[in-house]
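Undergrad:
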Amino acid sequence: MILYGTAALAICMLIGQILGTFLGNLLGVDADIGGVGFAMVMLIFVTSWLRKKGLMPEPTKQGILFWSSMYIPIVVGMSSIQNVAGAIDGGVMALVTGVVTAVGCAGMVPILSKIGKPSEPLPPLHQEDAQLEVEKPLVSNSAEKN
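In terms of the working numbering, the sequence shown is residues 82 to 227.
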């Protein structure tokens with residue numbers, strides 16, 4: 082099942098690297114700029130589109146989930162180290178850009194959290210959990226214990 086998601090990940094990574102290298106050349110930098118980011122965003126859009134069309138079997142979903150949990154944190158960690166080293170070498174402008182970007186992303190959290198309608202909480206996954214929720218009192222009364 083793990084192998085099923087590998088092809089989608091590899092294709093997205095290849096296209097992301099090509100786009101990142103092209104962007105680097107376009108800006109006059111001899112480096113890949115945002116290739117991993119392009120690949121991850123592309124992987125999210127491709128898998129979402131395949132799910133909506135019903136073209137993604139369960140083993141493929143599990144394979145992509147596996148690679149997402151293994152691959153993405155490692156790549157993000159590696160690229161963050163490179164970005165910090167580049168920012169320190171790049172001077173004040175690179176540091177200011179990083180801080181402004183981080184603050185901007187943090188500022189978007191409340192805005193994005195308001196998207197969608199409020200809904201009821203999901204039911205418990207297991208019957209035992211549902212039974213426990215019915216049996217336990219919401220507020221403990223110390224008078225009943227005495």
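Where a beta carbon is used, it is the ideal one built from N, C-alpha and C, also for glycine.
Buried or exposed for A120, please, with buried defined as at least 16 other CB atoms from any protein chain shown within 10 angstroms of its CB.
TA: buried
Undergrad: Among residues of its own chain, excluding the 5 on either side of G116, which ones have a beta-carbon nearer than 7 Å to its beta-carbon?
TA: G97, Q98, L100, G101, T102
Undergrad: Go ahead and label C93 buried or exposed: buried means 16 or more other beta carbons lie within 10 angstroms of its beta carbon, across all protein chains shown.
TA: Label assigned to C93: buried.
Undergrad: When the distance is taken between beta carbons, is G144 closer than 8 Å to Y85?
TA: Going by C-beta atoms, Y85 is nearer than 8 Å to G144.
Undergrad: What would DSSP say about G171, mapped onto helix, strand or coil?
TA: helix
Undergrad: For A112 and G172, what's the separation of their Cα atoms in angstroms?
TA: 18 Å
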